[in-house]
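**Student:** Have a look at this one.
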Amino acid sequence: MSSKRSKNNLENKVDLESSLTSKSEEKKLRQVLISNMFSSKVGESSKCEIKPSTTMSSRKDNLMIKRTILGVEVVLPIEPYRCQMVVMSKVIKAINEGQNCLLESPTGTGKTLALLCSSLAWQKREEGQKSIYDTPTVDVEDCYVTLSKKRKEILDDSIESDRIVGNEKKLKLDVSEAVVGVVTESHRENQITVTKGVQSKSDNQEMLDNLQVQVSMMVDCSLPIIYYGARTHKQLEQVVQEFSKTVYAENALMTILSSREHSCIKDFDIKRWPSKNDMCRGCTKNQNSSDSETSCVYYDNHKLLKHSTLPRAFSLETLLSVGRKKKACPYYAARKMAAVAHIVFCPYSYLIEPAIRKSMQINLENNVVIIDEAHNIEDICREAATFTFTKLQMENALKEMKAASSFRFANDEAIDYITYLQTSLEEWCLWFANQKPLLDNQPRNGAASEYAWDVHQFVETLNNHSIGQKQYPEFNKHAGIFCKKFRDDPRLLVGITQSTNTIIENLDTVLGYLFRNSGTCMDDYKPILVRKIESYDASYNHNWRKSNFEQKVLPESLSLTLCCLNPAVLFASVLSSRCVVLASGTLTPMASLHSELGTHFTHAVSATYEISKDRVWVGSLKSGTSGEKICCISKYTSVSNVQDDLGEMVYGVCDVTPHGVLCFLPSYRLMNLLVKRWRYSHLWERLEAKKHVFVESTHMKTHVNMMKAFDNCVGTDRGALLLAVYRGKVAEGMDFKDHQARAVIAIGIPYPSKDRAVEEKMKYNDKYSKNRNLLNGREWLKIQAYRALNQAVGRVMRHVGDWGGVLLVDSRYQEPQYSEHLAQWVKDLLGKNHHDFNSLFKSDAGLRAFMERKKNEE
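First residue of the sequence shown? That's 1 in the UniProt record's numbering, and the numbers climb one at a time after it.
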C-alpha cells in the first residue's frame, strides 16, 4: 500500500514554491483545491488528491471466524466462547449508544481478545461509513491563504505531522483543524494531500524531490480513537500479543505510551541530572527550533521510529530494541505515532490522571476508553487523587523560585508568575512551621506521630496564610501558566527543575479538587500532618528512658498528606469520553462501583464460564498436621507451630503437583517470617529438593530476573515453587499457562492493612453509606480482600484446555460469610470440599487424587 501511495504522489507532484509567485497562479491552485475537494473521482490527473483514510484489509476467509453482532461484523482468530459473545455484544452496544459499561468475565475466558475485536470491529465499521462527502463545508480559500503565509515554515520543516514548526499552532478552519507536516501513514480522517517539489534556496543546493505536505482535516465526524489501558506494562505486553493475533492488526495503527523512566534509552548521569525528566528537558531544549539539532541524538532521530519501520503490532520491548538500533527516542516516537493511531495502549493511570493526560497530550473527549484489569480502579483513583507534600520539598522549591527570580533578564517573560508562586511557597513553608506544635502532644506510633484535621478547620488554616479557597483562583492562573511554560520550553524558566514543577502542579491539582464546586467536595478529603523521625531505631524504646530518648536529637521530616476518600473525585475527569468500559475477572459487587465512582454504568454483565469439574479442583484446608485449626490472622501466624503446619502443607502440595506451584500470602511481612522459620527448621532444604524455590521481590529488576529463572525451571521434571503476595506483581495480570501453575495455594484472606488511610476510608463509607449508597466500612474492607483473593486464584485457569488445583488455606472458609464473595466459579467448585491435612492427601476427594488422575491422563 505504501509503495502505491508513493507512486501516486510522484505522478501528482505540484511545484508549490513556483505556484506562489503570482496571484494568477494562486487562483489556479485555489481552483484545483476546490475542484478536487469535491471531485467524485480519486486519482484523476489533478494537482491535489483527496486521499481516503486507511482501510482495514482482511485475511483469507478460511483463517477467520466472522460473527455479526448488532450490525457490526466482528472477525476473530478463534471460535468464540459464549461468554466472549456476551462481552462483545455489550461493548458494541455501549460504544454505539455512547454509554458506560461494566464487564466481569472470569479469567481464562478470552476477555482481552473479545474487548479488542469488538471495539476495533466497531471502529472499522465507523471508518467505512465515513466518506469525504460527509465532510462539512470548509473555507478552502482561507485554508490556502493560511498555507501561503506559512510557506517558509512548511519548507523548513517537512517532518512533523502533529504541529507547525516553532509555535505548534494549528490552522483553524470553519469546522476543522489543518495540521501541516509530512506523514508517512494515511490517517483515519478525511485528508487533503499536496505533493510538491522544492526549489533550492541556494545555487549549491540540489532540487529537493518527494517533499510531502499534508493537511489533515480534523472534522467533527473524525474517527474515535480507542484508548486501551491496563495496570502495568507487563499486562500491556499480553494485550499487544492478543492484538497481534487479530486481523485488525494488519491495518489498525497502534502505539504504546510509557514514561521516560521506562522508554528513555539515553545513558542517565545521576551526578548531573536530578531525574530522567530533567535530563530529557535539558538535552532537548532546542526541540522547538526548526534549524538546530538538540544535544540528544536520540531525540533528533526519533522520527526514524514510525509505523513503517516497526512491526504492525509491537510491544514496549520491541519499541526500545528498534530504538536502540536506530539511535532513536522511543518516548517521543510513541507520542508522535499516537497522532495517527487507531488504538493507543498505555497504563491506565495515563487515562485517569489529568496531569499525566495533559503531559502526554491525551484527549479523551468523544473517544473510547477501555480499562482492563479494572478491579483496582477505586484504589487507583483514590491513590492518584491523594497527595503528600513535605516541608523539605516546599523549601527546595522555594529556593529554586528565588534563584529563578534572580535571573531577571533570562526569566523576564516569566517574572510575574514566578514572583507570585514564590510568595505562595513562602506561605506554605510558614504554614508548616506554624502547624508543627499540633504534633507535640500526639502519641508516637513507632517513629511517627500524626495529627488529623476536620477538613474545614484545615482549610481555615490555609485561609489564615493566604493560600486558601479565596486565593486559589489566582494561584490556579499563575500555576497553569508556569507549568505550561515548563512543559513547552524549560529554557524560559532558568533554574527550575522537574521536582519544583511537580510540586506546583500537584498543589494546583489537589487544591482544585478541594475547592471544586465552591468547596462542596471538601469532605472527600482527610488532611493528615505527619512527623517522622528518619533514623529512628525501635531499640531506643528499650534501651533509653523517655527523657534520654527525647534529648537525643534525631533528624525528622514533616509532611502533609491530603488523603482522598472518594474515587469519584478523579474518575469524573474520564467521563468526557464517548464510552468507558471497565473490565476484569472480579468486579463483584458491581453496585459498589456505581456509587464509588460516582457514575452510572448503563450496561453491565457478569459473564458465566462453565468449567468442567474434571479439569479444576477447588478445596480448603481447615487444619494442619497438628490437628489444630488454621486461621491465618497475625495472632496465629506468628506462632511457630502454625508456621510449621503451613510449611508442611506447602511441601505436601509440591510433592503431589507436577511442574509449577504458586503460593500467595497476605503480606511480605508474613512471607519473610515463614521463610525465616522454614530455613531454621530445615523445611526449606526439603522444599528445594522437591522444587526450585523462588520468592517474589519488590524490586523490579530483581523481579524480572527471578521470573525468567522461574520460567526456565518450571517446565523441568522438578518444577518450581513461587512464593508471592496478594496484590503483588505475580498475583495480578501475569499469565501462568498450563504447566506454569498446576496448583495455586491461597493462604489466608488478604484484608488491606489497617493504616490511617484505610481507617479514614471506612469511617467515610460509614458516614455516607445511606446518602450515597456506599458499602459500609466493614463490607467495603471485605470486598477489597476478596477482589485480591479472586485475582490470585485466577492464575490457575488461563484457557479452556488448562487444568489445575486451588487450595484455600484457612478454616474460616467453612463458614458461609467467608465464602460468599469468592468468584462464582470458585464458590461453585468449592462446595463442601473442606479438608484436614490427612484427607487432603489421602481421600478420593483430595488434592493428591486429583493430581494423580490428571497426570495419568496426560
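Just so you know, even glycine gets a beta-carbon here, dropped at the ideal spot from N, CA and C.
Would you mind working out which of Q241, G660 and L421 sits nearest G804, comparing C-alpha positions?
**Tutor:** Sequence index remark: in the sequence shown, residue 804 carries index 804 (1-based). Checked all of Q241, G660 and L421; the closest Cα to G804 is G660.
**Student:** Does Y680 pass the burial test, meaning 16 or more other C-beta atoms within 10 Å, or should it be called exposed?
**Tutor:** Here residue 680 corresponds to residue number 680 of the sequence shown, with the count starting at 1. So Y680 counts as exposed.
**Student:** Please state the DSSP three-state secondary structure of M85.
**Tutor:** Indexing the sequence shown from 1 puts residue 85 at position 85. Note: M85 maps to helix in three-state DSSP.
**Student:** Let me know the secondary structure DSSP gives H692 once reduced to three states.
**Tutor:** Against the sequence shown, residue 692 aligns to sequence position 692. In this structure, H692 counts as strand in the three-state DSSP scheme.
**Student:** Quick check: the Cα distance between A849 and D644, rounded to an integer number of angstroms?
**Tutor:** For the purposes of this step, residue 849 is identified with residue 849 of the sequence shown, where counting begins at 1. For the purposes of this step, residue 644 is identified with residue 644 of the sequence shown, where counting begins at 1. One C-alpha to the other measures close to 24 angstroms.
**Student:** Can you tell which of N464, V574, A479 and E460 has its C-alpha closest to the C-alpha of P527?
**Tutor:** In the sequence shown, the residue the question calls residue 527 occupies position 527. If we check each option's Cα against that of P527, E460 comes out closest.
**Student:** Tell me which residue opens and which closes the alpha helix (DSSP H) that L113 is part of.
**Tutor:** As a working note, residue 113 is residue 113 in the sequence shown. Run containing L113: K111 to Q129, per the alpha helix (DSSP H) assignment.
**Student:** With DSSP run on the structure shown, which of helix, strand or coil describes K485?
**Tutor:** On the sequence shown, position 485 is the one that residue 485 refers to. Reduced to three states, the DSSP call for K485 is helix.
**Student:** Could you spell out where the beta strand (DSSP E) holding P347 opens and where it closes?
**Tutor:** The sequence position of residue 347 within the sequence shown is 347, counting from 1. Residues I343 to P347.
**Student:** Given this structure, state the Cα-to-Cα distance separating L830 from R669, to the nearest angstrom.
**Tutor:** Taking the sequence shown and counting its residues from 1, one reaches residue 830 at position 830. Taking the sequence shown and counting its residues from 1, one reaches residue 669 at position 669. If you take the alpha carbons of L830 and R669, they lie about 29 angstroms apart.
**Student:** Under three-state DSSP, which class holds C579?
**Tutor:** Indexing the sequence shown from 1 puts residue 579 at position 579. Reduced to three states, the DSSP call for C579 is strand.
**Student:** Which same chain residues, not among the five before or five after V806, have their C-beta less than 6 angstroms away from its C-beta?
**Tutor:** Here residue 806 refers to the residue found at position 806 when the sequence shown is read from its first residue. Cβ within range, chain order: V618, V744, V793 and V796.
**Student:** For L392, count neighbouring C-beta atoms within 10 Å of its own C-beta (all shown protein chains included) and say buried if the count is 16 or more, exposed if not.
**Tutor:** Position 392 of the sequence shown, counted from the start, is the residue given in the question as residue 392. It counts as exposed.
**Student:** With DSSP run on the structure shown, which of helix, strand or coil describes C564?
**Tutor:** As a first step, residue 564 is located in the sequence shown; it is residue number 564 there, counting from the start. In the structure shown, C564 sits in a strand (DSSP, three-state: E or B).
**Student:** Look up M797 in the DSSP assignment and say whether it is helix, strand or coil.
**Tutor:** The sequence position of residue 797 within the sequence shown is 797, counting from 1. Residue state, collapsed to three classes: coil.
**Student:** In chain order, what residues of the same chain have a beta carbon less than 7 angstroms from the beta carbon of N765, not counting five sequence neighbours either side?
**Tutor:** Within the sequence shown, numbered from 1, the residue matching residue 765 stands at position 765. Result list for N765: L774, L775, N776, G777 and W780, in chain order.
**Student:** How should I467 be labelled, buried or exposed, when 16 other C-beta atoms within 10 angstroms of its C-beta is the threshold for buried?
**Tutor:** Within the sequence shown, residue 467 is the residue found at index 467, counting from 1. Looking at its Cβ environment, which holds 16 or more other Cβ atoms inside 10 Å, I467 is buried.
**Student:** Can you look up E556 in the DSSP assignment and give me helix, strand or coil?
**Tutor:** Along the sequence shown, read from residue 1 onward, the residue named residue 556 stands at position 556. E556: strand per DSSP, three-state reduction.
**Student:** To the nearest angstrom, how far is it from the Cα of L529 to the Cα of L673?
**Tutor:** Here the question's residue 529 lines up with position 529 in the sequence shown. Here the question's residue 673 lines up with position 673 in the sequence shown. Near 32 angstroms, if we compare the C-alpha coordinates of L673 and L529.
**Student:** Measuring alpha carbon to alpha carbon, tell me which residue in Q99, Y248, I256 and K111 is nearest V368.
**Tutor:** In the sequence shown, the residue the question calls residue 368 occupies position 368. Measuring from the Cα of V368, the nearest candidate turns out to be Q99.
**Student:** Where does residue 861 sit, in a helix, a strand or coil, going by DSSP?
**Tutor:** What is shown of the chain runs 1 to 858, which leaves residue 861 out entirely.
**Student:** Is the beta carbon of A404 closer than 8 angstroms to that of residue 860?
**Tutor:** Residue numbering for the chain in the displayed model covers 1 to 858; residue 860 lies beyond these limits and cannot be assessed.
**Student:** State the DSSP-derived secondary structure class of E353, mapped to helix, strand or coil.
**Tutor:** Taking the first residue of the sequence shown as 1, we reach residue 353 at position 353. Three-state result, E353: coil.
**Student:** Using only the alpha-carbon positions, how far apart do Y228 and C579 sit?
**Tutor:** The residue labelled residue 228 in the question sits at position 228 within the sequence shown. The residue labelled residue 579 in the question sits at position 579 within the sequence shown. Going from the Cα of Y228 to the Cα of C579 covers about 12 angstroms.
**Student:** Residues in its own chain within less than 7 angstroms of L575 by CB, not counting five upstream and five downstream?
**Tutor:** For the purposes of this step, residue 575 is taken as residue 575 along the sequence shown, with counting starting at 1. Taken in chain order, the residues that qualify are T599.
**Student:** Hey, quick one: how far does the alpha helix (DSSP H) through V653 stretch, first residue to last?
**Tutor:** Residue 653 sits at position 653 when you count from the first residue of the sequence shown. V653 -> alpha helix (DSSP H) spans S640 to V656.
**Student:** In terms of residue numbering, what span does the beta strand (DSSP E) encompassing A452 cover?
**Tutor:** Here residue 452 is taken as the residue at index 452 of the sequence shown, counted from 1. Looking at the DSSP string, the run of the beta strand (DSSP E) that includes A452 is A448 to A452.
**Student:** With contact counted as at least three CB pairs below 8 angstroms, one residue from each stretch, are the stretch 469-476 and the stretch 558-568 in contact?
**Tutor:** Too few Cβ pairs lie closer than 8 angstroms, so no.
**Student:** To the nearest angstrom, how far is it from the Cα of L847 to the Cα of D836?
**Tutor:** As a working mapping, residue 847 is identified with position 847 in the sequence shown. As a working mapping, residue 836 is identified with position 836 in the sequence shown. If you take the alpha carbons of L847 and D836, they lie about 11 angstroms apart.
**Student:** For V494, report the span of its alpha helix (DSSP H) as first-last.
**Tutor:** Counting from 1 along the sequence shown, the entry for residue 494 is found at position 494. No alpha helix (DSSP H) contains V494, which DSSP labels as neither H nor E.
**Student:** Please list, in chain order, all residues of the same chain as S626 whose beta carbon is under 7 angstroms from its beta carbon, the five residues on each side excluded.
**Tutor:** The residue given as residue 626 occupies position 626 in the sequence shown. So the qualifying residues of the chain are N641 and D645.
**Student:** Give the C-beta separation of A583 and D372 to the nearest angstrom, bearing in mind that I take them to be a contact with Cβ-Cβ under 8 angstroms.
**Tutor:** The residue you call residue 583 lines up with position 583 of the sequence shown. The residue you call residue 372 lines up with position 372 of the sequence shown. Indeed, because the Cβ distance is near 5 angstroms, the residues count as touching under 8 angstroms.
**Student:** Taking only the alpha-carbon atoms, compute the straight-line gap between E79 and S573 and give it to the nearest angstrom.
**Tutor:** Looking up residue 79 in the sequence shown gives position 79. Looking up residue 573 in the sequence shown gives position 573. Between E79 and S573, the C-alpha separation is close to 38 angstroms.
**Student:** Could you please give me the residues that DSSP links to E427 through a beta bridge?
**Tutor:** Translated into positions along the sequence shown, residue 427 becomes position 427. None, per the DSSP bridge assignment.
**Student:** Using the Cα positions of G719 and H692, report the straight-line distance between them to the nearest angstrom.
**Tutor:** As a working mapping, residue 719 is identified with position 719 in the sequence shown. As a working mapping, residue 692 is identified with position 692 in the sequence shown. Roughly 6 angstroms between the two C-alpha positions.
**Student:** To which residues does DSSP link Y227 through a beta bridge?
**Tutor:** Start at 1 with the first residue of the sequence shown, and residue 227 comes out as number 227. BP columns for Y227 point to V344 and V369.
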